[in-house]
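Colleague: Each residue of the sequence shown is one higher than the one before, starting from 688 at the first, in our numbering.
Below are the structure tokens for one structure; questions will follow.
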Amino acid sequence: MSTIGVAASCSGLRPGAWLLKPGVRKMSSLGLHMAARCAAKDYYEVLVLGGGAGGITMSARMKRKVGAGNVAVVEPSKTHYYQPLWTLVGAGAKQLATSARPTESVMPRGIEWIKSRVTGLDPDKNCVWLENDKKIKGLPEGFHHPKIGSNYSVHTVEKTWRALQDFKEGNAIFTFPNTPVKCAGAPQKIMYLSEAYWRKTGKRSKANIMFNTSLGVIFGVKKYADALLEIIKERNITVNYRRNLVEVRADKQEAVFENLDKPGATEVHQYEMLHVTPPMGPPDVLINSPVSDESGWVDVHTETLQHKKYPNIFGIGDCTNLPTSKTAAAVAAQSGVLDKTISMVMKNQLPTKKYDGYTSCPLVTSYNKVILAEFDYNAQPLETFPIDQSKERVTMYHMKADMMPLLYWNALLKGYWGGPAPFRKLMHLGLK
Ligand code: UQ1
């Protein structure tokens, strides 16, 4: 089937602004594929770019041609203006309001209105880019209100602690976004700690604790997922899967979640405390960069960490597309491999040392307990110690809270810690 894109200027086009702009964000496809979460699907037979006079007119005509379900309009503005009237508004002969109607009222019924801005076009691939669709409505402004925090920013992490202490009675909601994230454990660690804190302070019975996650599982490695589900049951925590935070109404203490299995369907939850794990993605400089993959991550070989196209470029840490959990422990293991890779490339040899995807997530489950998850690219446990690490342990808590910071500042950052693989081999007598 042929695919058609209609480029129409945005309503409210600013002088000098046009559809092709730098600073593009998420890749979606045209003709039209849309990978954006704000769209009900990622492909349309006809995609109209811009909901001004031309865009709305053509979408009405295209709807008659191919059916409403096959047409979408990308338009960020909530208001559509009949601009010819502005001649008279400028002369005081008409009120501005008479030229305005809600965009919703001019969209042909049944077609999809994608409330976003087009930031780039790739006609060869029938793709368009949409503006960052990773924003949560109401944030970050909402962080000015109490009762809401996020451990993911230096500006909001201490607000989590204040909200935790100020908790009186009601829902405590912890979120997990619909994007790749750093270590998937962190969004739930703060929940277990909160639960433990309220138990300690006699408030536990007043709290209805909820983990609203975009994922369909609690953790990607079965061994640790099973252990966490036990804890969740034991501590009377509710997990709502496939729920994505889309809006925070901080003044009313309401959080709006989209049900990812029913696009467009939302649920509103009142909260007494909300912990937000924000949507995450690659930095702007990498999006559409020649060193990045389609999603904007630096495109490196999974084993050598050498760039797939540019042999003198290497990647480590959060910016890469290495398909493993992004943690400091992963950086440690990657640093050891990358050191060897670069040494060999500098000597014009082929790199041979291989990164197995090792990563570690110390799952803090209370103020003195940790499950030490360690695993590889295949989501198979790769444990350093010859004991069952899926059990909550006090020793592992001290390792996380007291030993790891020392290891980080004094060994990793100085280039002397390449991850625990040598210890693992020693402790498993060379068998792992
Ligand atoms: C680790 O190497 C590391 O990097 C310094 C961390 O980040 C702070 C960790 O949390 C963990 C668990 C490791 C792995 C180290 C051992 C001794 C298992």
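We put the CB at the ideal spot given by N, CA and C, even for glycine.
Could you spell out where the beta strand (DSSP E) holding Tyr768 opens and where it closes?
Modeller: Element bounds for Tyr768: 766 to 768.
Colleague: So, are the CB atoms of Asp986 and Val978 less than 8 Å apart?
Modeller: The answer is yes: Cβ separation under 8 Å.
Colleague: Taking 7 Å as the cut-off, is the C-beta of Lys1087 nearer than that to any heavy atom in ligand 1?
Modeller: Yes - ligand 1 has a heavy atom lying nearer than 7 Å to the Cβ of Lys1087.
Colleague: Tell me where the beta strand (DSSP E) around Asp938 begins and ends.
Modeller: Here Asp938 belongs to no beta strand (DSSP E), and DSSP marks it neither H nor E.
Colleague: If contact is defined by three or more beta carbon pairs under 8 Å, each pair taking one atom from either stretch, is the stretch 805 to 816 in contact with the stretch 918 to 938?
Modeller: Segments in contact, no.
Colleague: Who pairs with Gly857 in a beta bridge, going by DSSP?
Modeller: Paired residues: Ala894.
Colleague: So which of Met794, Lys765, Asp729, Gly754 has the shortest CA-CA distance to Gly741?
Modeller: Nearest C-alpha to Gly741: Met794.
Colleague: Consider the C-beta atom of Ser1077 and the heavy atoms of ligand 1; say whether any pair is separated by less than 7 Å.
Modeller: No - ligand 1 has no heavy atom lying nearer than 7 Å to the Cβ of Ser1077.
Colleague: Quick check on the burial criterion: 16 or more other C-beta atoms within 10 angstroms. Buried or exposed for Thr1007?
Modeller: When all chains shown are included, Thr1007 counts as buried.
Colleague: Counting C-beta neighbours from all protein chains within 10 Å, is the total for Leu1093 16 or more, i.e. buried, or is it exposed?
Modeller: Flag for Leu1093 reads exposed.
Colleague: Out of Asp729, Ser764, Gly739, Thr964, state which residue places its alpha-carbon closest to the alpha-carbon of Gly756.
Modeller: Of the listed residues, the one whose Cα sits closest to Gly756 is Asp729.
Colleague: Taking C-alpha atoms, which residue in Glu959, Tyr958, Asn931, Met960 lies nearest to Gly951?
Modeller: Checking every option, the nearest Cα to that of Gly951 belongs to Asn931.
Colleague: What beta strand (DSSP E) runs, 3 residues minimum, are completely inside the stretch 939 to 972?
Modeller: Counting whole runs of 3 or more residues, the stretch 939 to 972 contains the beta strand (DSSP E) stretches 941 to 946, 953 to 957, 960 to 962.
Colleague: Beta-carbon within less than 6 Å of Gly1102's beta-carbon, same chain only, minus the 5 sequence neighbours each way: which residues are those?
Modeller: Cβ within range, chain order: n/a, list empty.
Colleague: Can you give me the start and stop residues for the beta strand (DSSP E) that Arg788 sits inside?
Modeller: Run containing Arg788: 787 to 789, per the beta strand (DSSP E) assignment.
Colleague: Any idea what DSSP makes of Cys1006, helix, strand or coil?
Modeller: Cys1006: helix per DSSP, three-state reduction.
Colleague: Taking Thr900 as the reference, give the member of Leu1009, Lys893, Thr862, Lys750 with the closest Cα.
Modeller: Looking at the Cα atoms, Thr862 is the closest of the given residues.
Colleague: Decide if Gln875 is buried, meaning its Cβ has at least 16 other Cβ atoms within 10 Å, or exposed.
Modeller: Gln875 should be labelled buried.
Colleague: Closest by CA to Glu856, which one among Trp885, Tyr1064, Tyr1045?
Modeller: The shortest Cα separation from Glu856 among Trp885, Tyr1064, Tyr1045 belongs to Trp885.
Colleague: Does Gln1036 come out as helix, strand or coil in the three-state DSSP assignment?
Modeller: Coil.
Colleague: By alpha-carbon positions, which one of Thr785, Leu851, Pro1107, Ser840 ends up nearest to Pro966?
Modeller: Comparing Cα-Cα distances from Pro966 to each of Thr785, Leu851, Pro1107, Ser840, the minimum goes to Ser840.
Colleague: In its own chain, which residues sit with a C-beta less than 6 Å from the C-beta of Ala787, not counting the 5 before and 5 after it?
Modeller: Counting only Cβ-Cβ distances below 6 Å, and skipping sequence neighbours, we find Thr766, Tyr768.
Colleague: Look at the Cβ atom of Ile1049, then the Cβ atom of Met1083, and state whether they are nearer than 8 Å.
Modeller: The sequence shown places Pro at residue 1049, rather than the Ile named in the question. Contact: yes.
Colleague: Do three or more CB pairs link the stretch 910 to 926 to the stretch 952 to 965 at distances below 8 Å?
Modeller: At 8 Å Cβ cutoff, the stretches do not touch.
Colleague: Pull the bridge partners of Phe906 from the DSSP assignment, please.
Modeller: Partner(s): none; Phe906 has no beta bridge.
Colleague: Given a threshold of 16 other Cβ atoms within 10 Å of its Cβ, counted over all protein chains shown, does His962 qualify as buried or as exposed?
Modeller: Under this definition His962 is a buried residue.
Colleague: Going by C-alpha to C-alpha distance, which of Val943, Gly825, Val761, Thr785 sits closest to Trp816?
Modeller: The shortest C-alpha separation from Trp816 is found at Val761.
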